[in-house]
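Asks: Before we start, here is the structure in question, set down as structure tokens.
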Amino acid sequence: MKIIVDENIPYGGDAFESLGNVILRPGRAISQEDVRDADMLMVRSITRVNAALLDGSRVRFVATATIGTDHLDEAYLKERGIAYASAPGCNANSVAEYITASLLVLAETRGFKLWDRTLGIIGHGNVGKRVAQKARALGMRVVLNDPPLERETRDDTYRPLEEIFNCSIITAHVPLTKSGPDATYHLLNEAFFSRCKTGTLILNTSRGAVCDGNALRVALESGKIGAAALDVWESEPDVDLELLSNCAIATPHIAGYSFDGKVNGTRQIYEAACAFLGVTPTWDPAPLLPAPDVPEVHANGTARSIQSELAATVCSVYDILEDDARMRALLTMPAAERGPYFDRLRKEYPRRREFHNTRAVVDPKNAVLSKTLESLGFSS
Numbered sequence: 276m277k278i279i280v281d282e283n284i285p286y287g288g289d290a291f292e293s294l295g296n297v298i299l300r301p302g303r304a305i306s307q308e309d310v311r312d313a314d315m316l317m318v319r320s321i322t323r324v325n326a327a328l329l330d331g332s333r334v335r336f337v338a339t340a341t342i343g344t345d346h347l348d349e350a351y352l353k354e355r356g357i358a359y360a361s362a363p364g365c366n367a368n369s370v371a372e373y374i375t376a377s378l379l380v381l382a383e384t385r386g387f388k389l390w391d392r393t394l395g396i397i398g399h400g401n402v403g404k405r406v407a408q409k410a411r412a413l414g415m416r417v418v419l420n421d422p423p424l425e426r427e428t429r430d431d432t433y434r435p436l437e438e439i440f441n442c443s444i445i446t447a448h449v450p451l452t453k454s455g456p457d458a459t460y461h462l463l464n465e466a467f468f469s470r471c472k473t474g475t476l477i478l479n480t481s482r483g484a485v486c487d488g489n490a491l492r493v494a495l496e497s498g499k500i501g502a503a504a505l506d507v508w509e510s511e512p513d514v515d516l517e518l519l520s521n522c523a524i525a526t527p528h529i530a531g532y533s534f535d536g537k538v539n540g541t542r543q544i545y546e547a548a549c550a551f552l553g554v555t556p557t558w559d560p561a562p563l564l565p566a567p568d569v570p571e572v573h574a575n576g577t578a579r580s581i582q583s584e585l586a587a588t589v590c591s592v593y594d595i596l597e598d599d600a601r602m603r604a605l606l607t608m609p610a611a612e613r614g615p616y617f618d619r620l621r622k623e624y625p626r627r628r629e630f631h632n633t634r635a636v637v638d639p640k641n642a643v644l645s646k647t648l649e650s651l652g653f654s655s
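Residue numbers for the sequence shown, in our numbering: 276 to 655.
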């Protein structure tokens, strides 16, 4: 059995070698020739899986090591009888930690307290739930909007979009869909921004096309939107430089790129492949995981506010401004080099471990700080 695996899926070769002959390929370079005599295909979001790629192949199973599936032509796969799977929730905690880092940086650099702010969360799935939990740990009031879940559950926890517009910070955690009553393509558009409170902060880590980049740039330039933190871009790997220069935080689609999250994705699609083949999974990534770079951090909170201490502690494990600085190199780069550089930032992304791998040592007298760090995921 021949299995094509994106070379950037962590431990992809190790995981799938027990199932067949593994061929590792760069995600953007996977071609019709590669898959012609393949039986299985393992990809990430940068590989479009459709008729142009699979027609004439013998592929019977496709899996993406991502939570989103908008890069898979699901109608085509169903028509061809090709089974497929994704990795829902694999990097949900990674994205929630990215949002945590963003919120703390924005609060510290702009001089406000998070517990004075309301966070509007559009989309309450795997990621949205984690974001809500961490936002509440930071003392924020949370307003949830998820029309499909509201219809399904009849839960009045889910509020209409009108209430989201009253929030001081809005973050989107939705799949990219272009049809139906809950289409999310350009959900964040000119009309949306016009209804926000002046000075609202916008965060997007879902898909680039969920946000109309031109409309956001105009809203930022006018001051209607106070600041934006963007991890996803509408025409990746080609990034709108004007929009980039107007963002407070800009990163190259890496919110979900914690090492733990990526390995979770590998494990989930490996198990899905085993289920398809009717074999018992035997691969376990746990023994392969390296020790965390920051096994322990001291957070005493004696000379700073709790928020500043939280920001410093999170930064010691994940400094989001380092990702931002690398991204901004695009602003001075020749046009022909930008796309490859964006892809390289993702391919060569530093190994980022999630908070639970780090023990926070806190002065016993500072119970609030200790409890907050534990709620954010740090070990105690």
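For each residue, glycine too, the CB sits at the ideal point set by N, CA and C.
Would you call the segment 540 to 554 in contact with the segment 351 to 367, where contact means no fewer than 3 C-beta pairs closer than 8 Å?
Replies: Taking 8 Å as the limit for Cβ pairs, the verdict is that the segment 351 to 367 does touch the segment 540 to 554.
Asks: To the nearest angstrom, how far is it from the Cα of residue 492 to the Cα of residue 554?
Replies: Counting from 1 along the sequence shown, the entry for residue 492 is found at position 217. Counting from 1 along the sequence shown, the entry for residue 554 is found at position 279. Roughly 51 Å separates the two Cα atoms.
Asks: In the DSSP output, which residue or residues are listed as bridge partners for residue 478?
Replies: Along the sequence shown, one-based indexing puts residue 478 at 203. 446, 504, per the DSSP bridge assignment.
Asks: With distance defined between alpha-carbon atoms, name the residue in 619, 470, 567 nearest to residue 633.
Replies: What you label residue 633 is simply residue 358 of the sequence shown in a count that begins at 1. Closest option to residue 633, Cα to Cα, is 567.
Asks: Assuming the contact rule is C-beta atoms closer than 8 Å, residue 312 and residue 277 should be a hit. Round their C-beta distance to whole Å, please.
Replies: Locating residue 312 in the sequence shown gives position 37, where the first residue counts as 1. Locating residue 277 in the sequence shown gives position 2, where the first residue counts as 1. With 8 Å as the limit, residue 312 and residue 277 qualify as a contact, their Cβ atoms being about 6 Å apart.
Asks: How about residue 343 and residue 450: are their beta carbons less than 7 Å apart?
Replies: By one-based count along the sequence shown, residue 343 stands at place 68. By one-based count along the sequence shown, residue 450 stands at place 175. Yes, Cβ-Cβ distance for residue 343 and residue 450 is below 7 Å.
Asks: DSSP three-state call for residue 386: helix, strand or coil?
Replies: Within the sequence shown, residue 386 is the residue found at index 111, counting from 1. Coil.
Asks: Please classify residue 390: is it buried, with 16 or more other beta-carbons within 10 angstroms of its beta-carbon, or exposed?
Replies: As a working note, residue 390 is residue 115 in the sequence shown. Exposed: under 16 other Cβ atoms inside 10 Å.
Asks: Taking only three categories from DSSP, how would you classify residue 471?
Replies: Looking up residue 471 in the sequence shown gives position 196. Here residue 471 sits in coil by DSSP.
Asks: Check whether the Cβ atoms of residue 533 and residue 627 sit closer than 7 Å, and answer yes or no.
Replies: Along the sequence shown, one-based indexing puts residue 533 at 258. Along the sequence shown, one-based indexing puts residue 627 at 352. Against a cut-off of 7 Å, the Cβ pair of residue 627 and residue 533 comes out as a contact.
Asks: Could I get the ranges of all uninterrupted alpha helix (DSSP H) runs contained in the segment 507 to 577, with 4 residues as the minimum, in chain order?
Replies: Entirely contained in the segment 507 to 577, the alpha helix (DSSP H) runs reaching 4 residues are, in chain order, 516 to 521, 534 to 552.
Asks: What number of angstroms, rounded off, separates the C-alpha of residue 303 from the C-alpha of residue 292?
Replies: For this step, residue 303 is matched to residue 28 along the sequence shown. For this step, residue 292 is matched to residue 17 along the sequence shown. Spanning the two alpha carbons is a distance of roughly 22 Å.
Asks: Counting only the same chain and skipping the five closest in sequence on each side, list residues whose C-beta sits under 6 Å from that of residue 505.
Replies: Mapped onto the sequence shown, residue 505 falls at position 230. Excluding sequence neighbours, residue 505 sits near 479, 522, 525.
Asks: Hey, out of 503, 340, 520, whose CA is closest to residue 531's CA?
Replies: By one-based count along the sequence shown, residue 531 stands at place 256. Nearest option by C-alpha distance: 340.
Asks: So residue 444 packs on residue 475, CB below 8 Å; how close in whole Å?
Replies: Position 169 of the sequence shown, counting from 1, holds the residue named residue 444. Position 200 of the sequence shown, counting from 1, holds the residue named residue 475. Contact holds; Cβ gap of about 7 Å.
Asks: Is the CB-CB distance between residue 336 and residue 358 below 7 Å?
Replies: Looking up residue 336 in the sequence shown gives position 61. Looking up residue 358 in the sequence shown gives position 83. Yes, they are a contact pair.
Asks: Would you kindly work out how many angstroms separate the C-alpha atoms of residue 405 and residue 371, rounded to a whole number?
Replies: Numbered from its first residue, the sequence shown carries residue 405 at position 130. Numbered from its first residue, the sequence shown carries residue 371 at position 96. Looking at the two C-alpha atoms, the distance is approximately 6 Å.
Asks: Would you identify the three-state DSSP class for residue 296, choosing helix, strand or coil?
Replies: Within the sequence shown, the letter at position 21 stands for residue 296. Note: residue 296 maps to strand in three-state DSSP.
Asks: So what's residue 599 in DSSP terms, helix, strand or just coil?
Replies: Your numbering for residue 599 matches position 324 in the sequence shown. It is helical.
Asks: Any idea if residue 454 is buried or exposed, counting beta-carbon neighbours within 10 angstroms, 16 or more meaning buried?
Replies: Residue 454 sits at position 179 when you count from the first residue of the sequence shown. Per the 10 Å Cβ criterion, exposed.
Asks: Suppose you measure from the CA of residue 452 to the CA of residue 299; what does that come to, to the nearest Å?
Replies: Residue numbering aside, residue 452 sits at position 177 when the sequence shown is read from its first letter. Residue numbering aside, residue 299 sits at position 24 when the sequence shown is read from its first letter. The alpha-carbon atoms of residue 452 and residue 299 are separated by roughly 30 Å.
Asks: Am I right that residue 629 and residue 377 are in contact with their C-beta atoms under 8 Å? What's the rounded C-beta distance?
Replies: What you label residue 629 is simply residue 354 of the sequence shown in a count that begins at 1. What you label residue 377 is simply residue 102 of the sequence shown in a count that begins at 1. So it is not a contact: roughly 16 Å between Cβ atoms.
Asks: Leaving out the 5 sequence neighbours to the left and right, which residues in its chain are closer than 6 Å to residue 322 when beta-carbon positions are compared?
Replies: Within the sequence shown, the letter at position 47 stands for residue 322. Correct list, in chain order: 302, 305.
Asks: Would residue 612 be called buried (16 or more neighbouring beta carbons within 10 Å of its own) or exposed?
Replies: The residue labelled residue 612 in the question sits at position 337 within the sequence shown. Residue 612 comes out exposed.
Asks: From this set, 385, 654, 529, which residue's C-alpha is nearest residue 623's C-alpha?
Replies: By one-based count along the sequence shown, residue 623 stands at place 348. Minimum Cα distance to residue 623 is reached at 529.
Asks: Looking at C-alpha atoms only, which residue of 574, 538, 570, 579 is the closest neighbour of residue 559?
Replies: If you number the sequence shown from 1, residue 559 lands on position 284. Selected option, being the one with the closest Cα: 538.
Asks: What residue range is occupied by the uninterrupted alpha helix (DSSP H) comprising residue 337?
Replies: On the sequence shown, residue 337 is found 62 positions in, with the first residue counted as 1. No alpha helix (DSSP H) contains residue 337, which is instead part of the beta strand (DSSP E) from 336 to 339.
Asks: Using a 10 Å radius around the Cβ and a threshold of 16 neighbouring Cβ atoms, would you call residue 600 buried or exposed?
Replies: Start at 1 with the first residue of the sequence shown, and residue 600 comes out as number 325. It is exposed - the Cβ of residue 600 has fewer than 16 other Cβ atoms within 10 Å.
Asks: Could you tell me which residues DSSP puts in a beta bridge with residue 486?
Replies: Position 211 of the sequence shown, counted from the first residue, corresponds to residue 486. Residue 486 is bridged to 463.
Asks: Using a Cβ-Cβ cutoff of less than 8 Å, which residues in the same chain neighbour residue 438 once the five nearest sequence positions on both sides are dropped?
Replies: Numbered from 1 along the sequence shown, position 163 holds the residue referred to as residue 438. 395, 418, 420, listed in sequence order.
Asks: In chain order, what residues of the same chain lie with their CB nearer than 6 Å to the CB of residue 509, ignoring the 5 residues before and after it?
Replies: Position 234 of the sequence shown, counting from 1, holds the residue named residue 509. Contacts found: 483, 484, 488.
Asks: Note down, one range per segment and in chain order, each beta strand (DSSP E) of at least 3 residues found wholly within the segment 310 to 358.
Replies: Correct list: 315 to 318, 336 to 339.
Asks: Between residue 481 and residue 503, how many whole angstroms is the CB-CB distance? I'm expecting something under 8 Å.
Replies: As a first step, residue 481 must be located in the sequence shown, where it is residue number 206. As a first step, residue 503 must be located in the sequence shown, where it is residue number 228. Not quite, the Cβ-Cβ distance comes to about 14 Å (not below 8 Å), so this is no contact.
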